[in-house]
Amino acid sequence: MISVLLVEDKTDYRNALKLILDNTPGFCCVADYSNAESCMNDNTYNNADVALIDIQLPGISGIQLVSFFKEKNPALLCLMCTSYEDSDNVFQALQAGAHGYILKSSSPSKILEAIVEVVNGGSPMSSQVARKVIEAFRQPATEKFSLTNREEEILQHLSKGLLYKEIAFRLSISIETVRRHCFNIYDKLHVNNRTEALNKYFGKAPH
1 MISVLLVEDK TDYRNALKLI LDNTPGFCCV ADYSNAESCM NDNTYNNADV ALIDIQLPGI
61 SGIQLVSFFK EKNPALLCLM CTSYEDSDNV FQALQAGAHG YILKSSSPSK ILEAIVEVVN
121 GGSPMSSQVA RKVIEAFRQP ATEKFSLTNR EEEILQHLSK GLLYKEIAFR LSISIETVRR
181 HCFNIYDKLH VNNRTEALNK YFGKAPH
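Counted from 1, the sequence shown has number 162 at position 162 by the UniProt record's numbering; the numbering is strictly sequential.
Here it is, written out as structure tokens:
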């Protein structure tokens with residue numbers, strides 16, 4: 001028996017999923033919530049095998065909820081079930097610790113198959129989402145993040161462990177200019193520091 005936890009703010013869709021789970025042999029819905037906060041304040045997530053989570057929730061997002069589950073109950077398998085198929089949401093969810101990503105447009109049988117797959121160690125992903133991921137990896141990182149040639153050059157120097165003053169000397173610009181470029185880089189990559197920037201950028205483009 002696979003125990004499933006639902007976190008979905010659309011009442012009709014949540015009730016439909018609950019009905020499907022409770023009426024399909026081998027599955028059961030242990031709890032369902034319309035928002036992340038209610039789920040986090042309960043400990044029912046400790047009794048579930050899989051959490052089926054929407055991304056766009058009122059208040060705390062589904063992606064933030066995945067991070068919470070990873071800290072509180074790492075054994076819980078998180079499967080995103082959402083209408084959002086853009087690569088940014090997919091990558092953010094997977095980086096937070098989600099084990100799979102399917103669309104609400106998937107048929108009930110596909111959703112059940114995805115739950116079984118994630119329990120068996122797989123990483124289910126709707127075909128539309130998989131296509132977006134492949135396209136994102138094929139796209140040059142500079143184009144994807146809209147970095148200028150100078151910003152990309154500075155990232156290359158940062159990857160070699162150079163300090164701001166060393167980069168400034170090599171590029172014949174001021175330290176303040178280097179700092180400003182780094183601020184712009186962090187903003188475009190949606191990161192907070194050098195390590196995060198290098199991991200995110202070079203995860204999509206080789207040195």
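C-beta: ideal position from N, C-alpha, C; glycine also.
{"Query": "Alpha-carbon spacing of Thr24 relative to Ala98, whole angstroms", "Result": "24 Å"}
{"Query": "Alpha helix (DSSP H) segment containing Thr82, residue limits", "Result": "Unbroken run through Thr82 is the beta strand (DSSP E), 77-82; no alpha helix (DSSP H)."}
{"Query": "Strand pairing of Val116, partner residues [DSSP]", "Result": "Val116 is not bridged to any residue."}
{"Query": "Any alpha helix (DSSP H) of 4 or more consecutive residues that is wholly inside the stretch 26-93", "Result": "36-40, 62-72"}
{"Query": "Backbone CA spacing between Phe202 and Asn35 [nearest angstrom]", "Result": "35 Å"}
{"Query": "Residue range of the alpha helix (DSSP H) that includes residue 211", "Result": "With the chain covering only 1 through 207, there is no way to say anything about residue 211."}
{"Query": "Per-residue burial, Ser126 [other beta carbons within 10 Å of its own, 16 or more giving buried]", "Result": "buried"}
{"Query": "Meets three-Cβ-pair contact criterion under 8 Å: the stretch 145-155 and the stretch 71-83", "Result": "no"}
{"Query": "Buried or exposed (CB count within 10 angstroms, at least 16 for buried), Pro74", "Result": "exposed"}
{"Query": "Residue environment, Pro124, which counts as buried when at least 16 other CB atoms sit within 10 Å", "Result": "buried"}
{"Query": "Distance CB(Val66)-CB(Leu103) smaller than 8 Å", "Result": "no"}
{"Query": "His181 beta carbon less than 8 Å from that of Leu154", "Result": "The sequence shown places Ile at residue 154, not Leu. Yes; because the gap between Cβ atoms is below 8 Å, this pair is in contact."}
{"Query": "Span separating the alpha-carbon of Phe91 from that of Tyr101", "Result": "10 Å"}
{"Query": "Three-pair Cβ contact test at 8 Å for the stretch 167-174 versus the stretch 184-200", "Result": "no"}
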